[in-house]
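Protein chains in written order, with this note's numbering: chain A, 2 to 84; chain B, 2 to 84; chain C, 1247 to 1393; chain D, 1247 to 1393. Using N, Cα and C, we set each Cβ at its ideal position, and we do this for glycine too.
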Amino acid sequence: MAMTVSYFAWVRERMGVAEEVIEKPATVATVRELVAWLAERDERGALAFVEPGRIRAAIDGAMVGPDALLGDEVALFPPVTGG
Amino acid sequence: MAMTVSYFAWVRERMGVAEEVIEKPATVATVRELVAWLAERDERGALAFVEPGRIRAAIDGAMVGPDALLGDEVALFPPVTGG
Amino acid sequence: MIRVAVTTDAIDIPAELDIHDAGGHGASASFIGRVRGDGGLVELFLEHHPALTEAGLAELAHVAADRWALSALTLVHRVGAMVPGDSIVLVLASSAHRAEALSATEFLIDRLKTDVMLWKRETFADGRVEWVEPRESDHGRAERWDT
Amino acid sequence: MIRVAVTTDAIDIPAELDIHDAGGHGASASFIGRVRGDGGLVELFLEHHPALTEAGLAELAHVAADRWALSALTLVHRVGAMVPGDSIVLVLASSAHRAEALSATEFLIDRLKTDVMLWKRETFADGRVEWVEPRESDHGRAERWDT
């Protein structure tokens, strides 16, 4: 199934793109499973998601946990450091 | 013994003066005793010091309690309300 | 840099900000208290002690500077007659870190209300003149800092 | 009046103060965070999400407005490239009462650091480029508001 994944900060730098449309396998249903799948997909993903515990996600504008179910889009990024 | 007493806010208004030099009896040694003596001295004092518990004092620029010993000068006033 | 002032003139907030910010601080917190026109208030008069009010403010400023790592501190209190909208007090505290600047600001505004020789008198449109009574809550807030 | 903005331009603090203060509030608290030149820092870059960063700020502003009785609230965050001395973030909160203005300001600056999609990247004079790591203490401060 096609979905849009956007990346921010050092996740974006390591992935080499700010956004991509992926074809995810049917077995990937949650944020945690997507992160694991991206880490295995290629070298870039292995580098970006070497520490899955440091990855945060947002769906439809809301921060979500690793077990959130995926929809049409998701943003993946490191912990925020604004202010 | 002569000492200078200054008054502020409604204590000043009720006393009718901002400052006076008084001759206090030798039996008046503390702030509490001075307030009691002023309350008995005349009508103005009776009005200003009708509730001695509401009176605050400062000696040499520092806030003091009712049992502080008197020196050459003392300021008597209601609780402060700045800010 | 500690700057403390008692003034009968309007507090020039942009000028105070310029002086205070000359250092280029990492974090700056501020508090401004203004006269409110509640209940038909037409004048607020702040009575002060010619020497001890400023000394009390300076003492508070030094307590704050000893307690928190501040790069600048400004404390300006207006006295005399004011009308609704006028600024009564300005606190500016800066530090490398936000927690220090915020805590120092809150400490100063809380303690100002209980520790410094200043008395508010309110005049209302109907002619009533009343000295402001301290609020119990102000003492509660001020005492939080004793620990 | 709630005003939230994300901007790549310098934050015009006097202009924001003028807009915010139009109401003539009883108590106004503020916080300004600036870029510090510590350790030879020459540039701070703030990455943001084109839509979600402003939405996150607006959400925080509404949480604060629901929690405290505020007469005005301003939240401006700069993004993009900045140099030491530049203002990164401005929080202005006003109320009839000081405790509300001070608490809302502190809440907003604490939560900004943990809840809004913003990422800091530092460039140093020796050429090093580093993404800023969140500090545990920031999470501790932000969680104080959960109760």
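TODO: Go ahead and label D/Glu1372 buried or exposed: buried means 16 or more other beta carbons lie within 10 angstroms of its beta carbon, across all protein chains shown.
DONE: As a first step, residue 1372 of chain D is located in the fourth sequence; it is residue number 126 there, counting from the start. Looking at the sequence shown, residue 1372 of chain D is not Glu but Asp. By the 10 Å Cβ count, D/Asp1372 comes out exposed.
- [ ] Flag this pair as yes or no: are the beta carbons of A/Pro79 and A/Arg45 separated by less than 8 Å?
- [x] Taking the first residue of the first sequence as position 1, residue 79 of chain A is located at position 78. Taking the first residue of the first sequence as position 1, residue 45 of chain A is located at position 44. No. Outside cutoff.
Open item on the list: Output needed for D/Asp1384: all residues of its chain with C-beta closer than 7 Å, excluding positions within five of it in sequence on either side, in chain order.
Closed with: On the fourth sequence, position 138 is the one that residue 1384 of chain D refers to. Only Lys1359, Thr1360 meet the Cβ criterion.
- [ ] Work out the CA separation of D/Gly1269 and B/Asp73 for me, nearest whole Å.
- [x] Within the second sequence, numbered from 1, the residue matching residue 73 of chain B stands at position 72. Within the fourth sequence, numbered from 1, the residue matching residue 1269 of chain D stands at position 23. So the alpha carbons of these two residues sit roughly 49 Å apart.
- [ ] In angstroms with no decimal places, state the Cα-to-Cα distance between D/Ala1345 and C/Glu1379.
- [x] The sequence position of residue 1345 of chain D within the fourth sequence is 99, counting from 1. The sequence position of residue 1379 of chain C within the third sequence is 133, counting from 1. So the two alpha carbons sit approximately 18 Å from each other.
Task: Contacting positions in the region 1261-1283 of chain D - beta carbon closer than 7 Å to chain C - done: Gly1270, His1271, Gly1272, Ala1273, Ser1274, Ala1275, Ser1276, Phe1277, Ile1278, Gly1279, Arg1280, Arg1282
TODO: Measuring alpha carbon to alpha carbon, tell me which of D/Arg1357, D/Ala1310, D/Val1325 ends up nearest D/Ser1340.
DONE: Mapped onto the fourth sequence, residue 1340 of chain D falls at position 94. Taking only the C-alpha atoms, the option nearest D/Ser1340 is D/Ala1310.
Task: Proximity below 8 Å, CB of C/Val1325 to CB of C/Thr1254 - done: Position 79 of the third sequence, counting from 1, holds the residue named residue 1325 of chain C. Position 8 of the third sequence, counting from 1, holds the residue named residue 1254 of chain C. Yes, the pair counts as a contact, with Cβ atoms nearer than the cut-off.
- [ ] Per DSSP, which residues does C/Ser1394 bridge with? Please list them.
- [x] Because chain C here runs from 1247 to 1393, residue 1394 of chain C falls outside it and cannot be looked at.
Task: Pairwise C-alpha distance: B/Ala37 and C/Gly1285 - done: As a first step, residue 1285 of chain C is located in the third sequence; it is residue number 39 there, counting from the start. As a first step, residue 37 of chain B is located in the second sequence; it is residue number 36 there, counting from the start. Near 37 Å, if we compare the C-alpha coordinates of B/Ala37 and C/Gly1285.
Task: Through-space distance from C/Arg1282 to A/Ala10, alpha-carbon basis - done: Taking the first residue of the first sequence as position 1, residue 10 of chain A is located at position 9. Taking the first residue of the third sequence as position 1, residue 1282 of chain C is located at position 36. Going from the Cα of A/Ala10 to the Cα of C/Arg1282 covers about 46 Å.
TODO: Anything in chain A within Cβ reach of D/Val1378, meaning under 9 Å, just list it in chain order.
DONE: Counting from one through the fourth sequence, the residue named residue 1378 of chain D turns up at place 132. Within chain A, the residues near D/Val1378 are Thr82.
TODO: Using the Cα positions of C/His1343 and C/Arg1387, report the straight-line distance between them to the nearest angstrom.
DONE: On the third sequence, position 97 is the one that residue 1343 of chain C refers to. On the third sequence, position 141 is the one that residue 1387 of chain C refers to. If I take the Cα positions, the gap works out to 23 Å.
TODO: Output the boundary residues of the alpha helix (DSSP H) element that contains D/Ile1259.
DONE: Sequence index remark: in the fourth sequence, residue 1259 of chain D carries index 13 (1-based). From DSSP, the alpha helix (DSSP H) with D/Ile1259 extends over 1259-1267.
Open item on the list: Taking the straight line between their C-alpha atoms, what separation do you get for D/Ala1327 and A/Pro53?
Closed with: As a first step, residue 1327 of chain D must be located in the fourth sequence, where it is residue number 81. As a first step, residue 53 of chain A must be located in the first sequence, where it is residue number 52. If I take the Cα positions, the gap works out to 29 Å.
Open item on the list: Which same chain residues end up closer than 8 Å to D/Val1362 when comparing Cβ atoms and leaving out the 5 residues on each side of it in sequence?
Closed with: By 1-based counting over the fourth sequence, the position of residue 1362 of chain D is 116. So the list reads Thr1299, Gly1302, Leu1303, Leu1306, His1323, once near-sequence residues are dropped.
Open item on the list: Could you tell me the alpha carbon to alpha carbon distance between A/Met64 and A/Met4, rounded to whole angstroms?
Closed with: Stepping through the first sequence from its first residue, residue 64 of chain A is reached at position 63. Stepping through the first sequence from its first residue, residue 4 of chain A is reached at position 3. Their backbone Cα atoms lie some 18 Å apart in a straight line.
Open item on the list: Quick check on D/Ile1355 - is its C-beta less than 8 Å from some C-beta in chain C?
Closed with: Numbered from 1 along the fourth sequence, position 109 holds the residue referred to as residue 1355 of chain D. Interface residue, yes.
TODO: Compare the Cα-Cα distances from A/Val1 to each of A/Val6, A/Arg15, A/Met2 and report the closest residue.
DONE: Limits of chain A in this structure are 2 at one end and 84 at the other, which puts residue 1 of chain A out of reach.
TODO: With a 10 Å radius around its C-beta and 16 neighbouring C-beta atoms as the bar for buried, classify C/His1396 as buried or exposed.
DONE: Residue 1396 of chain C lies beyond the stretch modelled for chain C, which goes from 1247 to 1393, so this question has no answer here.
Open item on the list: For the beta strand (DSSP E) containing D/Thr1299, name the first residue and the last one.
Closed with: Counted from its first residue, the fourth sequence places residue 1299 of chain D at position 53. Unbroken run through D/Thr1299 is the alpha helix (DSSP H), 1298-1313; no beta strand (DSSP E).
Open item on the list: According to DSSP, C/Gly1326 sits in a beta bridge with which residue or residues?
Closed with: Taking the first residue of the third sequence as position 1, residue 1326 of chain C is located at position 80. Paired residues: C/Leu1292.
Task: Beta-carbon proximity of C/Trp1377 to B/Val81, cut-off 8 Å - done: Position 131 of the third sequence, counting from 1, holds the residue named residue 1377 of chain C. Position 80 of the second sequence, counting from 1, holds the residue named residue 81 of chain B. Going by C-beta atoms, C/Trp1377 is not nearer than 8 Å to B/Val81.
- [ ] Can you tell me which of C/His1294, C/Leu1263, C/Pro1260 puts its alpha carbon nearest to the alpha carbon of B/Ala19?
- [x] The sequence position of residue 19 of chain B within the second sequence is 18, counting from 1. The option with the nearest alpha carbon to B/Ala19 is C/His1294.
TODO: Step through the CB atoms of chain D and report whether any lies within less than 8 Å of the CB of A/Ala10.
DONE: Your numbering for residue 10 of chain A matches position 9 in the first sequence. Taking Cβ atoms only, chain D reaches closer than 8 Å to A/Ala10, which makes this a yes.
Open item on the list: Using a 10 Å radius around the Cβ and a threshold of 16 neighbouring Cβ atoms, would you call C/Asp1352 buried or exposed?
Closed with: Counting from 1 along the third sequence, the entry for residue 1352 of chain C is found at position 106. Per the sequence shown, the amino acid found at residue 1352 of chain C is Glu instead of Asp. Buried.
- [ ] Answer yes or no: does any C-beta atom of chain C fall closer than 8 Å to that of D/Glu1352?
- [x] Position 106 of the fourth sequence holds residue 1352 of chain D. Yes - at least one Cβ of chain C is within 8 Å of the one on D/Glu1352.
Open item on the list: Using C-beta distances below 8 Å, list every residue in its chain close to D/Ile1355, excluding the 5 sequence neighbours before and after it, in chain order.
Closed with: For the purposes of this step, residue 1355 of chain D is identified with residue 109 of the fourth sequence, where counting begins at 1. Contacts found: Phe1277, Gly1279, Val1335, Val1337.
Open item on the list: If distances are taken between C-alpha atoms only, which option among C/Thr1393, C/Ser1274, C/Leu1290 comes closest to C/Ser1317?
Closed with: For this step, residue 1317 of chain C is matched to residue 71 along the third sequence. Minimum Cα distance to C/Ser1317 is reached at C/Ser1274.
Task: Run of the beta strand (DSSP E) containing A/Ala76, from where it starts to where it stops - done: One-based indexing of the first sequence puts residue 76 of chain A at position 75. Segment 74-78, the beta strand (DSSP E) holding A/Ala76.
Task: Range of the contiguous beta strand (DSSP E) that encloses B/Met4 - done: Position 3 of the second sequence holds residue 4 of chain B. Note, B/Met4: beta strand (DSSP E), 3-8.
TODO: Could you tell me the boundaries of the beta strand (DSSP E) in which B/Pro38 lies?
DONE: Residue mapping note: residue 38 of chain B aligns to position 37 of the second sequence, counting from 1. According to the sequence as given, residue 38 of chain B is Trp; it is not Pro. It is not in any beta strand (DSSP E) - B/Trp38 instead sits in the alpha helix (DSSP H) that spans 32-42.
TODO: Name, in chain order, the residues that DSSP records as bridge partners for D/Gly1279.
DONE: The residue given as residue 1279 of chain D occupies position 33 in the fourth sequence. Answer is C/Ala1273, D/Val1335, bridged to D/Gly1279.
Open item on the list: For B/Arg13, which residues in the same chain have their Cβ closer than 7 Å to its Cβ, ignoring the five residues on either side in sequence?
Closed with: Taking the first residue of the second sequence as position 1, residue 13 of chain B is located at position 12. Ala19.
Task: Under 9 Å by beta carbon: chain C residues contacting D/Gly1387 - done: Position 141 of the fourth sequence holds residue 1387 of chain D. According to the sequence shown, residue 1387 of chain D is Arg rather than Gly. Ordered by position in chain C, the residues that pass the 9 Å Cβ test against D/Arg1387 are Arg1344, Ala1345.
Open item on the list: Looking only at its chain, what residues have a beta carbon closer than 8 Å to the beta carbon of B/Arg33, apart from the 5 residues adjacent to it on each side?
Closed with: Start at 1 with the first residue of the second sequence, and residue 33 of chain B comes out as number 32. These residues qualify, in order along the chain: Pro53, Pro67, Asp68.
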